[in-house]
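Student: Okay, here's the structure, questions in a sec.
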Amino acid sequence: MDENNKIKVTLPDGGVREYPAGIALMDIAKDISPRLAREALVAKVNGQLTDLARPLERDAAVAFLTFEDEEGKQVYRHSTAHVMAQACQKLFPGVKFAIGPAIADGFYYDFDTTEPFTTDDLGVIEKEMEAIIKADLPFERFEYTRPDALDLFGKAGQDYKVELIEDLPVDAPLSVYRQGDFTDLCMGPHVPSTGRLKSVKLLNVAGAYWRGSEKNKMLQRIYGTSFPKKSMLDEYLFRIEEAKRRDHRKLGAELELFSIQDEGPGFPFFHPKGMILRNELEKFWREEHAKRGYSEIRTPIILSRSLWERSGHWDHYRENMYFTKIDEGDYAVKPMNCPGGIIVYKSKLHSYRELPIRMAELGLVHRHELSGALHGMMRVRCFTQDDAHIYMLPSQVKDEIIGVINLDEDIYKVFGFPYHVELSTKPEKAMGSDEIWEMATNALRDALETRGIDYKVNEGDGAFYGPKIDFHLRDTLGRTWQCGTIQLDFVMPEIFDLNYVGEDGQKHRPVMIHRTIFGSLERFIGILTEHFAGAFPAWLAPVQARVIPITGRHAAYAQEVTDSLSGKGIRVEIDTRNEKINYKIREAQAQKIPYMLVVGDKEAENKTVAVRQRAKGDLGAMPLADFEAMLLEEISTKSY
RNA sequence: GCCGAUGUGGCUCAGGGGUAGAGCAGCGCACUCGUAAUGCGCAGGCCGGGGGUUCGAAUCCCCCCAUCGGCUCCA
Numbered sequence: 001m002d003e004n005n006k007i008k009v010t011l012p013d014g015g016v017r018e019y020p021a022g023i024a025l026m027d028i029a030k031d032i033s034p035r036l037a038r039e040a041l042v043a044k045v046n047g048q049l050t051d052l053a054r055p056l057e058r059d060a061a062v063a064f065l066t067f068e069d070e071e072g073k074q075v076y077r078h079s080t081a082h083v084m085a086q087a088c089q090k091l092f093p094g095v096k097f098a099i100g101p102a103i104a105d106g107f108y109y110d111f112d113t114t115e116p117f118t119t120d121d122l123g124v125i126e127k128e129m130e131a132i133i134k135a136d137l138p139f140e141r142f143e144y145t146r147p148d149a150l151d152l153f154g155k156a157g158q159d160y161k162v163e164l165i166e167d168l169p170v171d172a173p174l175s176v177y178r179q180g181d182f183t184d185l186c187m188g189p190h191v192p193s194t195g196r197l198k199s200v201k202l203l204n205v206a207g208a209y210w211r212g213s214e215k216n217k218m219l220q221r222i223y224g225t226s227f228p229k230k231s232m233l234d235e236y237l238f239r240i241e242e243a244k245r246r247d248h249r250k251l252g253a254e255l256e257l258f259s260i261q262d263e264g265p266g267f268p269f270f271h272p273k274g275m276i277l278r279n280e281l282e283k284f285w286r287e288e289h290a291k292r293g294y295s296e297i298r299t300p301i302i303l304s305r306s307l308w309e310r311s312g313h314w315d316h317y318r319e320n321m322y323f324t325k326i327d328e329g330d331y332a333v334k335p336m337n338c339p340g341g342i343i344v345y346k347s348k349l350h351s352y353r354e355l356p357i358r359m360a361e362l363g364l365v366h367r368h369e370l371s372g373a374l375h376g377m378m379r380v381r382c383f384t385q386d387d388a389h390i391y392m393l394p395s396q397v398k399d400e401i402i403g404v405i406n407l408d409e410d411i412y413k414v415f416g417f418p419y420h421v422e423l424s425t426k427p428e429k430a431m432g433s434d435e436i437w438e439m440a441t442n443a444l445r446d447a448l449e450t451r452g453i454d455y456k457v458n459e460g461d462g463a464f465y466g467p468k469i470d471f472h473l474r475d476t477l478g479r480t481w482q483c484g485t486i487q488l489d490f491v492m493p494e495i496f497d498l499n500y501v502g503e504d505g506q507k508h509r510p511v512m513i514h515r516t517i518f519g520s521l522e523r524f525i526g527i528l529t530e531h532f533a534g535a536f537p538a539w540l541a542p543v544q545a546r547v548i549p550i551t552g553r554h555a556a557y558a559q560e561v562t563d564s565l566s567g568k569g570i571r572v573e574i575d576t577r578n579e580k581i582n583y584k585i586r587e588a589q590a591q592k593i594p595y596m597l598v599v600g601d602k603e604a605e606n607k608t609v610a611v612r613q614r615a616k617g618d619l620g621a622m623p624l625a626d627f628e629a630m631l632l633e634e635i636s637t638k639s640y
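In terms of full-length UniProt numbering, the first sequence has 539 at position 539, counting the first letter as 1, and numbering is strictly consecutive.
This is the structure we're talking about:
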């Protein structure tokens, strides 16, 4: 390239600048502004993330990314992961490196070590990282041929890197990054030098299987995060602490909603207040389903082994099931409701005129989840699915799927939380031919596209009998949990020889949908608790109002108010304890009761109540009847 | 199930080889009070369970169990 050649650089603001060909991106940043040079972490050249040290040879659109940009942030964290790996290389000679990506809010790196890391090691590693950062080592990029790279990492004993290279396409370009004495296979890009990294915090260690398969060796994963400013790190750590305060397990105990006890790991207890919440949800659910032409059934929890053999659960789901013996016979506790529901369908002959049949069941299922997987109400070993099975003509499939999607959206809307949708395809352990799976998967995809819903594909994650659309909700720490699901099934109707009588008087095979909206009452209540931080909307609140007499003198009027509210179907409590008003309010606030009704001399005299709303505070006095009307309206509209 | 951590009264936590402490909650008494903690007193724990070391174990060691954070799995 001729030194005298000029190239044109187009910046995001549309401005065009000329530079000599071969100029380093960093020098362009410096030319634009010293501040940009200081803050830029990486460049985007024609949409391609690129190290700042690399030269620019021809005309290009260039953008400089800082920590404020999502991609800049990822590069920052990824570079931090490399620094952590370098620290581990020094502290734990012989350690092997697997992968170390940036993730939401941080990064991790997986190591193969002779001794597992302990929490104490984190501090030591952090110290070493600080030294590396202080040394301000440049991140240098090198291109390698495949044989050279294999030789480099092979000689270094880096088996995982060798495996990674072997799995790359033969003609793929290989890049290697080096800072100081640490060399890693990496696509890059990276920040210019380790000195760019400021506030680093290693958060925890965890075992993680190589390539995510439990068949592989368990590696040691260290999670951490990093920020360009200490204050940002502190704020992040504070946010995590904040989030823990909304943890449904903590709130469940504090608000006396539910609990999990040592006597029943994974088997939740619903306490009186949690039952109110649950019953309200069920009531709402029944209303919405009745409106949409669903009937409701209930099937037994224990059914014979032969049924589970026929359904395929025996072959595909046995390790998750509980078994029992009755007299001489083998039985299983149901892990799913479908076989029971199918028996109901088969109990009589069906005409094509009846279809679609939408049969719902709040079914209690038991599944043996791995002990380490249990998580509050989010993952338990017995739970109530708000299940339904839809039996339909092949021609009705698309409309029925869309109908379920609409129901999902309508119901989630009432709670106002965000969700995302995934489409899961055929798993390894599956029943049914590829053609059937293909057809079913296309039907789901088609319905999603018709409704214009954004979704992500989750390969191999379908149920063993069919592909599915999943609705994922977010908990307070950002973890997502599958709740609603729509599973299209051509397999069960076949195995169970389901049929309906068609127009032609002949038997035909219906198609089935398995679906849930809440997913499970338990998980949904967990999500709901965290979403509202325990401050449930009035229609769900276990106690909707608490009457607080100022002194014992006002107990009679307080009782009158309580009786009146209670007579109108409002869930109300009275606090006649011999305590000061501040104390009683504090406690009612802590219980997140939507309304506190303070009554003293003035209120007793005027037949009013002094209303305090848990979020808005003191609303002043109003006639009791007005308050009742207001609250009843709030309840019936399910406002939040 | 796997890796790491944790387990002390209802809750939050201190103690760390010599036989258990605080605050809050609970109970009793006094105060009769106007929008987030009135004061005093009382009661409450075989320190997750089982083994071992020791004259002596909540404390040290081993094995379980449960929980927390991940991995895997899933509603």
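In this text, a Cβ means the ideal position worked out from N, Cα and C, and glycines have one as well. Quantities reported herein were computed from a predicted structural model and do not represent experimental measurements.
Inspect the beta-carbon positions of Arg77 and Ala40 and report whether they are closer than 7 Å.
Tutor: On the first sequence, position 77 is the one that residue 77 refers to. On the first sequence, position 40 is the one that residue 40 refers to. Against a cut-off of 7 Å, the Cβ pair of Ala40 and Arg77 comes out as no contact.
Student: Classify Met1 as helix, strand or coil using the three-state DSSP reduction.
Tutor: In the first sequence, the residue the question calls residue 1 occupies position 1. Unreliable placement is indicated for Met1, whose pLDDT of 45 sits below 50; the coordinate value is still reported in the next sentence. Note: Met1 maps to coil in three-state DSSP.
Student: For Ser193, does the three-state DSSP call read helix, strand or coil?
Tutor: Here residue 193 refers to the residue found at position 193 of the first sequence. Ser193 falls in the strand class under three-state DSSP.
Student: If you draw a straight line from the C-alpha of Ala610 to the C-alpha of Ile593, how long is it?
Tutor: For this step, residue 610 is matched to residue 610 along the first sequence. For this step, residue 593 is matched to residue 593 along the first sequence. Rounded to whole angstroms, Ala610 to Ile593 spans 15 Å at the Cα level.
Student: Just the C-alpha distance for Glu328 and Ala533, rounded to the nearest angstrom, thanks.
Tutor: Along the first sequence, one-based indexing puts residue 328 at 328. Along the first sequence, one-based indexing puts residue 533 at 533. Between Glu328 and Ala533, the C-alpha separation is close to 50 Å.
Student: Assess, as a yes-or-no matter, whether the segment 500-520 is touched by the segment 340-358 under the definition of 3 or more beta carbon pairs within less than 8 Å.
Tutor: A contact exists between the segment 340-358 and the segment 500-520.
Student: Return yes when the C-beta of Glu579 is under 6 Å from any heavy atom of the ligand FMN, and no when it is not.
Tutor: As far as ligands go, the structure on display features none, and thus does not contain the ligand FMN.
Student: Check whether the segment 129-145 touches the segment 176-186, taking contact to mean three or more Cβ pairs, one atom from each stretch, closer than 8 Å.
Tutor: Result yes; three or more Cβ-Cβ pairs closer than 8 Å.
Student: Taking only the alpha-carbon atoms, compute the straight-line gap between Ile125 and Pro93 and give it to the nearest angstrom.
Tutor: Stepping through the first sequence from its first residue, residue 125 is reached at position 125. Stepping through the first sequence from its first residue, residue 93 is reached at position 93. Going from the Cα of Ile125 to the Cα of Pro93 covers about 13 Å.
Student: Which residues mark the beginning and the end of the beta strand (DSSP E) in which Ser175 is found?
Tutor: By 1-based counting over the first sequence, the position of residue 175 is 175. That run of the beta strand (DSSP E) goes 174-179.
Student: Which of the three DSSP states, helix, strand or coil, is assigned to Met336?
Tutor: Position 336 of the first sequence, counted from the first residue, corresponds to residue 336. Of the three classes helix, strand and coil, the one that applies to Met336 here is coil, per DSSP.
Student: Please determine, among Val421, Lys244, Lys456, the residue with the shortest C-alpha to C-alpha distance to Gly484.
Tutor: Position 484 of the first sequence, counted from the start, is the residue given in the question as residue 484. For the residues Val421, Lys244, Lys456, the minimum Cα distance to Gly484 belongs to Val421.
Student: Taking a contact to mean a Cβ-Cβ separation below 7 Å, would you say Gly376 touches Arg249 in this structure?
Tutor: As a working mapping, residue 376 is identified with position 376 in the first sequence. As a working mapping, residue 249 is identified with position 249 in the first sequence. Cβ distance < 7 Å, so Gly376 and Arg249 count as in contact.
Student: Just the C-alpha distance for Met1 and Ala24, rounded to the nearest angstrom, thanks.
Tutor: In the first sequence, counting from the first residue as 1, residue 1 sits at position 1. In the first sequence, counting from the first residue as 1, residue 24 sits at position 24. Note that Met1 scores 45 on pLDDT, short of 50, meaning its location in the model is unreliable; the coordinates nonetheless yield the value given after this. Met1 and Ala24: Cα-Cα distance of roughly 14 Å.
Student: On the criterion of 16 or more Cβ atoms from any shown chain inside 10 Å, does Ile302 qualify as buried, or is it exposed?
Tutor: As a working note, residue 302 is residue 302 in the first sequence. Result: exposed.
Student: Determine the closest residue to Ser395 out of Asn279, Met218, Ala443, with distance taken between C-alpha atoms.
Tutor: On the first sequence, residue 395 is found 395 positions in, with the first residue counted as 1. Of Asn279, Met218, Ala443, the residue nearest in Cα terms is Ala443.
Student: Note down, in chain order, each residue of its chain lying with its Cβ closer than 7 Å to the Cβ of Leu364, except the 5 sequence neighbours on either side.
Tutor: Sequence index remark: in the first sequence, residue 364 carries index 364 (1-based). The residues are Ile301, Cys382, Thr384.
Student: CB Met596 to CB Arg546, shorter than 7 Å?
Tutor: Along the first sequence, read from residue 1 onward, the residue named residue 596 stands at position 596. Along the first sequence, read from residue 1 onward, the residue named residue 546 stands at position 546. Taking 7 Å as the Cβ cut-off, Met596 and Arg546 qualify as a contacting pair.
Student: Between which two residues does the alpha helix (DSSP H) harbouring Gln74 extend?
Tutor: Start at 1 with the first residue of the first sequence, and residue 74 comes out as number 74. That run of the alpha helix (DSSP H) goes 70-91.
Student: Just to confirm the assignment: which complete alpha helix (DSSP H) runs, minimum length 4, are found wholly within the segment 306-365?
Tutor: Here the runs fully enclosed are 313-316, 338-346.
Student: Which residue comes first and which comes last in the beta strand (DSSP E) that contains Pro20?
Tutor: Numbered from its first residue, the first sequence carries residue 20 at position 20. Unbroken beta strand (DSSP E) run through Pro20: 16-20.
Student: May I ask you to report which of helix, strand or coil DSSP gives Pro268?
Tutor: If you number the first sequence from 1, residue 268 lands on position 268. Looking at Pro268 - three-state DSSP - the assignment turns out to be coil, as it is neither helix nor strand.
Student: Go ahead and pull the three-state DSSP assignment for His554.
Tutor: In the first sequence, the residue the question calls residue 554 occupies position 554. Of the three classes helix, strand and coil, the one that applies to His554 here is helix, per DSSP.
Student: Taking only three categories from DSSP, how would you classify Asn499?
Tutor: Residue numbering aside, residue 499 sits at position 499 when the first sequence is read from its first letter. The answer is coil: DSSP assigns Asn499 none of H, G, I, E or B.
Student: In angstroms, rounded to a whole number, what distance separates the CA positions of Glu343 and Phe536?
Tutor: Along the first sequence, one-based indexing puts residue 343 at 343. Along the first sequence, one-based indexing puts residue 536 at 536. What sits at residue 343 in the sequence shown is Ile, not Glu. Roughly 39 Å separates the two Cα atoms.
Student: Buried or exposed: where does Ser520 fall if 16 or more other Cβ atoms within 10 Å of its Cβ makes it buried?
Tutor: Against the first sequence, residue 520 aligns to sequence position 520. Flag for Ser520 reads buried.
Student: Using a Cβ-Cβ cut-off of 6 Å (strictly less than) and excluding sequence neighbours within five positions of Ala360, which residues of its own chain qualify?
Tutor: Within the first sequence, numbered from 1, the residue matching residue 360 stands at position 360. Closer than 6 Å at the Cβ level, and outside the excluded window around Ala360, lie His289, Tyr294, Glu296, Ala388.
Student: Kindly identify the DSSP beta-bridge partner or partners of His248.
Tutor: Here residue 248 corresponds to residue number 248 of the first sequence, with the count starting at 1. DSSP lists no partner for His248.
Student: If contact is defined by three or more beta carbon pairs under 8 Å, each pair taking one atom from either stretch, is the segment 583-593 in contact with the segment 563-570?
Tutor: The segment 563-570 is not in contact with the segment 583-593.
Student: Spatial neighbours of Glu201 within its chain, please: C-beta separation below 8 Å, excluding the five flanking residues on both sides.
Tutor: Counting from 1 along the first sequence, the entry for residue 201 is found at position 201. Before going further, note that residue 201 is Lys rather than Glu in the sequence given. Closer than 8 Å at Cβ, skipping near neighbours: Glu126, Gly224, Thr225, Ser226, Leu233, Leu237.
Student: Quick check on Gly15: buried or exposed, where buried means 16 or more other Cβ atoms within 10 Å of its Cβ?
Tutor: Your numbering for residue 15 matches position 15 in the first sequence. It counts as exposed.
Student: Identify every residue that forms a DSSP beta bridge with Lys507.
Tutor: Along the first sequence, read from residue 1 onward, the residue named residue 507 stands at position 507. For Lys507, which the question treats as bridged, DSSP gives the partners Val501.
Student: Quick one: grab the DSSP three-state call for His368.
Tutor: The sequence position of residue 368 within the first sequence is 368, counting from 1. Coil at His368, not helix or strand.
Student: Around the Cβ of Ala208, are there at least 16 other Cβ atoms within 10 angstroms (buried) or fewer (exposed)?
Tutor: Translated into positions along the first sequence, residue 208 becomes position 208. Classification for Ala208: buried.
Student: Report all residues from its chain with a CB closer than 6 Å to the CB of Lys426; omit the five preceding and five following residues, and keep chain order.
Tutor: In the first sequence, counting from the first residue as 1, residue 426 sits at position 426. For Lys426, where only same-chain residues beyond five positions count, the Cβ hits under 6 Å are Trp437, Gly462.
Student: Quick one: is Ala156 buried, meaning 16 or more other Cβ sit within 10 Å of its Cβ, or exposed?
Tutor: Translated into the one-based positions of the first sequence, residue 156 becomes position 156. Looking at its Cβ environment, which holds fewer than 16 other Cβ atoms inside 10 Å, Ala156 is exposed.
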